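Counted the way full-length UniProt numbering counts, the sequence shown spans residues 1 to 403.
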Amino acid sequence: MTKMTPEALSRLGSRTRLVHAGRDPWEQHGFVNTPIYRGSTVLSPTMHDLVHRTGRYTYGTKGTPTTEALETAWAQVSGAAGAVAVPSGLAAVSLALLSCLKAGDHVLVTDSVYRPTRLFCDGLLKRFGVETTYYDPLVGGGIEALMRPNTAAVFTEAPGSQSFEMQDIPAIAEVTHRRGAVLLMDNTWATPLFFPPHDMGVDLCIEAGTKYLSGSSDLLLGLVSANERCNKALRDTYDSMAICPGPEDAFLALRGLRTMQLRLKEHERQALDLARWLEARPEVKRVLHPALESCPGHDIWKRDFKGSSGLFSVILNPAPQEALAAMLDGLTLFGMGYSWGGFESLVIPFDCSTYRTATTWNPGGPALRFQVGLEDLDDLKADLDAGFARLRGATSVGWEPEP
Ligand SMILES: *Cc1c(COP(=O)(O)O)cnc(C)c1O
Numbered sequence: 001m002t003k004m005t006p007e008a009l010s011r012l013g014s015r016t017r018l019v020h021a022g023r024d025p026w027e028q029h030g031f032v033n034t035p036i037y038r039g040s041t042v043l044s045p046t047m048h049d050l051v052h053r054t055g056r057y058t059y060g061t062k063g064t065p066t067t068e069a070l071e072t073a074w075a076q077v078s079g080a081a082g083a084v085a086v087p088s089g090l091a092a093v094s095l096a097l098l099s100c101l102k103a104g105d106h107v108l109v110t111d112s113v114y115r116p117t118r119l120f121c122d123g124l125l126k127r128f129g130v131e132t133t134y135y136d137p138l139v140g141g142g143i144e145a146l147m148r149p150n151t152a153a154v155f156t157e158a159p160g161s162q163s164f165e166m167q168d169i170p171a172i173a174e175v176t177h178r179r180g181a182v183l184l185m186d187n188t189w190a191t192p193l194f195f196p197p198h199d200m201g202v203d204l205c206i207e208a209g210t211k212y213l214s215g216s217s218d219l220l221l222g223l224v225s226a227n228e229r230c231n232k233a234l235r236d237t238y239d240s241m242a243i244c245p246g247p248e249d250a251f252l253a254l255r256g257l258r259t260m261q262l263r264l265k266e267h268e269r270q271a272l273d274l275a276r277w278l279e280a281r282p283e284v285k286r287v288l289h290p291a292l293e294s295c296p297g298h299d300i301w302k303r304d305f306k307g308s309s310g311l312f313s314v315i316l317n318p319a320p321q322e323a324l325a326a327m328l329d330g331l332t333l334f335g336m337g338y339s340w341g342g343f344e345s346l347v348i349p350f351d352c353s354t355y356r357t358a359t360t361w362n363p364g365g366p367a368l369r370f371q372v373g374l375e376d377l378d379d380l381k382a383d384l385d386a387g388f389a390r391l392r393g394a395t396s397v398g399w400e401p402e403p
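See the structure below:
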């Protein structure tokens, strides 16, 4: 086997990059996987080497062979100039924003953003003198009207957290760049496999590795990838805070990376099947899944995305809270809990109406978000079927599906 350069690998397909990026068996006695390097101190052989920092590694927080392998692989898979790994997806969001904003700046953030991102903007960013304006996720090129002379960054997330609005990233990128601002995107749902962020004009891209990179609900991790324009500021900001993940977690992320394509394709297939099944149920008013023709963002998804993942939402026909609780409490396969991307199916009720500021959320019935795992579909459907029977049974006031 002959060693391949990173440049040669970057010209190969995404599946090949997933398998080969960020590992070099010939630097580790032929073993296939990069081992877990633990450590703080890194020794230098001479005083000259110590003082001039000649070594490839200088201190644990600056990166180890394990974390560097993950970052190199992620940059390769994302088509980025560089990437950094941090201990959670939210840390990736905050690091990316801190790397491109300063006191006195203004940032535009989609109203459909992951809620903790909103709390970071309204809390810490505000305290440090950065003003946030939320915008309608469907704004597209109309974002121009919201830009101010001090707008330094535009934050996107597609599809929207829980509510699944699609954003026209190329149109937003055109305006953002013409006005000299930085475009950020939280790409956790699609991952670079289904949406190549930097090819589409995104400068800084966030991935909660907690989700599909782990794939097993056993890991908290975040990644930020950057194009040439933003890479140095990203690395400098990271170095000044040293928010480094533990080496075991970097190892688990690398382990997940190798099979991510397979798992995503299967989550995609399972979720599409279940979404279509749900769409045909009388209890369901609407399914919010961008890969379904009936979903408002479908055209954008079809134009820009290469696939869909295992997470989507449904709006039920009106039903009282007790009926919804009866449905959810009795499920035996769908767990109720936050996060997603693992092998197991999940469901949560949600309500965006209490915190949106640029748009209103009034879907006309209870909203549920599903994460579809890798179980047998027939079993998942039977679990939900029994749940719907409980929903109907507990709806005392003459339950009728809407026409
Ligand atoms: C889960 C999630 C995050 C945060 O990831 P954590 O590792 O849980 O902090 C960020 N963005 C999106 C879209 C997410 O779903």
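All residues carry an ideal CB built from backbone N, CA and C; glycine is no exception. None of the values given here were measured: they were computed from a predicted structure.
Cβ neighbour criterion (16 or more within 10 Å) applied to residue i
{"i": "N150", "result": "exposed"}
{"i": "D249", "result": "buried"}
{"i": "E165", "result": "buried"}
{"i": "P6", "result": "exposed"}
{"i": "K3", "result": "exposed"}
{"i": "N362", "result": "exposed"}
{"i": "G398", "result": "Low confidence applies here, because G398 scores a pLDDT of 49, under 50, leaving its location unreliable and the question unanswered by this model."}
{"i": "Y134", "result": "buried"}
{"i": "P403", "result": "Note that P403 has pLDDT 49, beneath the 50 cutoff, so the model's placement of it is unreliable and the number below is only indicative. So P403 ends up on the exposed side."}
Paired residues, beta bridge with residue i - DSSP
{"i": "R148", "result": "DSSP, once it has assigned bridges, lists no residue as partnering R148."}
{"i": "F155", "result": "V109 and L184"}
{"i": "F164", "result": "Partner(s): none; F164 has no beta bridge."}
Cβ-heavy atom distance, residue i to ligand 1, below 7 Å
{"i": "D168", "result": "no"}
{"i": "T67", "result": "no"}
{"i": "D249", "result": "no"}
{"i": "L220", "result": "yes"}
{"i": "E293", "result": "no"}
{"i": "D203", "result": "no"}
{"i": "K211", "result": "yes"}
{"i": "A208", "result": "yes"}
{"i": "G89", "result": "yes"}
{"i": "T188", "result": "yes"}
{"i": "E157", "result": "yes"}
{"i": "V93", "result": "yes"}
{"i": "Y355", "result": "no"}
{"i": "S309", "result": "no"}
{"i": "S161", "result": "yes"}
{"i": "Y114", "result": "yes"}
{"i": "S14", "result": "no"}
{"i": "S216", "result": "no"}
Endpoints, alpha helix (DSSP H) assigned at residue i
{"i": "D186", "result": "Here D186 belongs to no alpha helix (DSSP H); instead the beta strand (DSSP E) covers V182 to D186."}
{"i": "V77", "result": "P65 to S78"}
{"i": "E386", "result": "Here residue 386 is Ala; the residue named in the question, Glu, does not match the sequence. First-last of the alpha helix (DSSP H) with A386: L377 to A394."}
{"i": "I172", "result": "I169 to R178"}
{"i": "A275", "result": "M260 to E279"}
{"i": "Q321", "result": "Q321 to D329"}
{"i": "P296", "result": "Careful: P296 lies outside any alpha helix (DSSP H) and carries neither H nor E."}
{"i": "E7", "result": "P6 to S10"}
Short CB-CB distance (under 8 Å) between residue i and chain D
{"i": "R356", "result": "The structure shown contains no chain D; it holds only a single protein chain."}
Unbroken beta strand (DSSP E) run spanning residue i, endpoints
{"i": "C244", "result": "Run containing C244: none; DSSP gives neither H nor E here."}
{"i": "S225", "result": "G222 to A226"}
{"i": "P290", "result": "Segment: none, P290 is in no beta strand (DSSP E) and carries neither H nor E."}
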